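Trainee:
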Amino acid sequence: MSTPYRPKTTLEQWRILQAVVDHGGYAHAAQVLNKSQSSLNHAVAKLQDTLEVELLEVVGRKAQLTPIGETMVRRSRQLTSLVTELEQLAVNLKQGWETKITLAVEMVFDRQLLVPVLHEFQQLSRGTRLVIEDTVLTGSIEHILDQSADIVITHQLPKGHVGEPISGYRLDLVVSKEHPLAQQPGPISADELSQYLQIVIRDTAKKPIEVEGWLKSEQRWTVNHFNESLQLVQNGLGFSWLPPHVTRYADNLCFLTLAGSSKRSGSMYLTLPKGDTTGPCARMLYQLLIKELI
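For the sequence shown, full-length UniProt numbering assigns the number 1 to the initial residue and increments by one for each residue that follows.
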């Protein structure tokens, strides 16, 4: 059994060396650290002796890093930063701050709207890991009922649950320009549409329930994401209902009018499935989303 490695240097020595470099010398570093200049000199000298390398050299009246010193200081910053994060994590956990939160977002929602919020959240998250999970149809309901996500953006709310209305969603009926349906004049009847292949998005629930959506086609292919559906549609394989943020930059598409229902649209909601037991980090993200999306 090998003997465990015992560090020969201390974090304090590395922090002192960093301070000397950052503040341009021992005198200014001593003032910032509220230590004597001689104690800083001693700490750096001992660090160099222990490592048996020269980290600093005096040029004129100023201490400068040697090439070895530049490498060592750069690597030491990673070490001291990790220790700072570890210590802050202990404080966060003591305060009930979550180590991970999950944001479940329906695929019909335009992710670009989240970008400003996520930039702000990154600065305030204290290292909390964020998981953004795509959901479809009853997958969103399942997250809410099972409380398996901290925040859910959904277009439907189960009974007994409330949510803040945010931007709405829309789905357009699309085929490729070469598809037979694209050649039909005027609105397409539901019976005519049902004779062609429909590309649908898989419900992400563990036990999906087909309670909504146009699902009357005799032929139906199921994919996992809108981008997969778009690719099949562009290649003339079938029709699909797709949101504008998916079709915005796509070419070779024809937007159809279905008799009595050319578009599907509705409201989106922001909800906290865990209610009063929602953690402080999730609540902070929720407030950022409210501020941006309402």
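All C-beta atoms, glycine included, are put in the ideal place defined by N, C-alpha and C.
Model, not experiment: these values are computed from the prediction.
Can you tell me whether P4 is buried or exposed, with buried defined as 16 or more other CB within 10 angstroms of its CB?
Mentor: Classification of P4: exposed, given that the 10 Å Cβ count is below 16.
Trainee: Output the distance between the C-alpha atoms of I220 and R283, rounded to the nearest integer angstrom.
Mentor: It is worth fixing the name first, because residue 220 is Arg in this sequence and not Ile. Cα to Cα, the separation comes out at about 40 Å.
Trainee: Hey, could you find the ends of the beta strand (DSSP E) Q184 is sitting in?
Mentor: Q184 -> no beta strand (DSSP E), and no H or E assigned at all.
Trainee: Determine contact between the segment 193-207 and the segment 129-143, defined as no fewer than three beta-carbon pairs at a distance below 8 Å.
Mentor: Judged by Cβ distances under 8 Å, the segment 193-207 makes contact with the segment 129-143, as three or more pairs qualify.
Trainee: Which ranges does the alpha helix (DSSP H) cover as unbroken runs of at least 4 residues, wholly within the segment 88-132, from first to last along the chain?
Mentor: Entirely contained in the segment 88-132, the alpha helix (DSSP H) runs reaching 4 residues are, in chain order, 115-124.
Trainee: What does a CB cutoff of less than 6 Å around T257 pick up in its chain, not counting 5 residues either side in sequence?
Mentor: Excluding residues within five positions, the ones whose Cβ falls inside 6 Å are P187.
Trainee: Any idea which residues DSSP pairs A63 with across the strands?
Mentor: According to DSSP, A63 bridges with V58.
Trainee: Do G279 and E70 come within 8 Å of each other at the CB atom, strictly closer than that value?
Mentor: No; because the gap between Cβ atoms is not below 8 Å, this pair is not in contact.
Trainee: Determine the extent of the alpha helix (DSSP H) in which L193 is found, giving its start and end residues.
Mentor: From DSSP, the alpha helix (DSSP H) with L193 extends over A190 to L193.
Trainee: Starting from E164, follow the beta strand (DSSP E) in both directions and report where the run begins and ends.
Mentor: Per DSSP, E164 belongs to the beta strand (DSSP E) from E164 to S176.
Trainee: Does the segment 158-167 come close enough to the segment 268-277 to have 3 or more Cβ pairs within less than 8 Å?
Mentor: A contact exists between the segment 158-167 and the segment 268-277.
Trainee: Under a three-way DSSP split, which group does R220 fall into?
Mentor: Note: R220 maps to strand in three-state DSSP.
Trainee: Let me make sure I understand the geometry here. Which of R61, L124 and A250 has the alpha-carbon closest to that of W285?
Mentor: Reading off the sequence shown, one finds Leu at residue 285, where the question assumed Trp. Here the closest residue by C-alpha is L124.
Trainee: Among A45, S176, Q183 and A19, whose alpha-carbon lies nearest the alpha-carbon of G238?
Mentor: It is S176 whose Cα lies nearest to the Cα of G238.
Trainee: Have a look at A104 and K94 and give me their C-alpha separation to the nearest angstrom.
Mentor: So the alpha carbons of these two residues sit roughly 26 Å apart.
Trainee: Just checking my contact of V44 with V83 at CB under 8 Å: how many whole Å lie between their CB atoms?
Mentor: Contact flag wrong, Cβ pair sits at about 19 Å.
Trainee: Roughly how many angstroms separate the alpha carbons of Q183 and L293, rounded to a whole number?
Mentor: If I take the Cα positions, the gap works out to 39 Å.
Trainee: In or out: I290 buried (at least 16 other Cβ within 10 Å) or exposed?
Mentor: With fewer than 16 Cβ atoms within 10 Å of its Cβ, I290 is classed as exposed.
Trainee: Do V91 and L17 have their CB atoms nearer than 8 Å?
Mentor: Contact: no.
Trainee: Using a Cβ-Cβ cut-off of 8 Å (strictly less than) and excluding sequence neighbours within five positions of S265, which residues of its own chain qualify?
Mentor: Around S265: G168, Y169, R170 and L171.
Trainee: In terms of residue numbering, what span does the alpha helix (DSSP H) encompassing Q147 cover?
Mentor: No alpha helix (DSSP H) contains Q147, which DSSP labels as neither H nor E.
Trainee: According to DSSP, simplified to helix, strand and coil, what is R74?
Mentor: Residue state, collapsed to three classes: helix.
Trainee: I'd like to know if the segment 234-254 and the segment 118-133 are in contact, where contact means that at least 3 CB-CB pairs between them fall below 8 Å.
Mentor: These segments do not touch.
Trainee: Mapping the DSSP letters down to three states, classify D22 as helix, strand or coil.
Mentor: Of the three classes helix, strand and coil, the one that applies to D22 here is helix, per DSSP.
Trainee: Which residues in the same chain as L113 place their Cβ atom closer than 8 Å to its Cβ, once the five residues preceding and following it in sequence are excluded?
Mentor: The answer, listed in chain order, is S167, E292 and L293.
Trainee: Tell me the DSSP secondary structure of T154 in three-state form.
Mentor: Reduced to three states, the DSSP call for T154 is strand.
Trainee: Just verifying my parser: in three-state terms, what is the DSSP assignment at V233?
Mentor: V233 falls in the helix class under three-state DSSP.
Trainee: How many Å lie between K100 and I151 at the Cα?
Mentor: Their Cα atoms are separated by approximately 12 Å.
Trainee: Within this structure, are the beta carbons of Q88 and R129 separated by less than 8 Å?
Mentor: No; because the gap between Cβ atoms is not below 8 Å, this pair is not in contact.
Trainee: Please go through the same chain and pick out, in chain order, the residues whose beta-carbon is closer than 6 Å to the beta-carbon of I141, but skip the five residues on each side of it.
Mentor: The answer, listed in chain order, is P158.
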